[in-house]
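Peer 1: Residue numbers (the numbering used here): 649 to 764. My questions all concern the structure below.
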């Protein structure tokens, strides 16, 4: 059974930093393009960042320069380092895997709240 398990969410003050991590099943990680999304209350799910197997990166304009996606192929994890956090970054953050363009998997999400 394929699993994506996010961790690292929580409450952080505006301007603060947080690092999310997603543990991915070994069976799919090496040939999957990994992405992070988020969904705020009452809003559609929003794509944030992508990292390919070869390390190719892409970011949404809303997080470019503040968020950094990375992957560790040795332990099958993908991370999202978030800095200069704002109240509008409050959302549930999801890990996403696209395996070979054929199969898509989602994690259960982790809550990030930015508030003083």
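Glycine included, every Cβ here is placed at the ideal spot set by N, Cα and C. A quick note: this is a predicted structure, and the numbers were derived from the prediction, not measured.
1) DSSP puts residue 746 in a beta bridge; with which residues?
2) Going by beta-carbon coordinates alone, are residue 762 and residue 662 separated by less than 7 Å?
3) Work out the CA separation of residue 669 and residue 759 for me, nearest whole Å.
4) Can you name the start and end residues of the beta strand (DSSP E) that residue 658 belongs to?
5) Quick check: the Cα distance between residue 707 and residue 696, rounded to an integer number of angstroms?
6) Return the CA-CA distance between residue 718 and residue 678, expressed in angstroms with no decimal places.
7) Can you say whether residue 680 is buried or exposed, counting buried as having 16 or more other CB atoms within 10 angstroms of its CB?
8) Which same chain residues, not among the five before or five after residue 752, have their C-beta less than 8 Å away from its C-beta?
Peer 2: The short version:
1) Note: residue 746 sits in a beta bridge opposite 681, 752.
2) yes
3) 12 Å
4) 658-660
5) Each residue's CA atom was taken as its position, placing residue 707 and residue 696 some 6 Å apart.
6) 14 Å
7) buried
8) The answer, listed in chain order, is 744, 745, 746.
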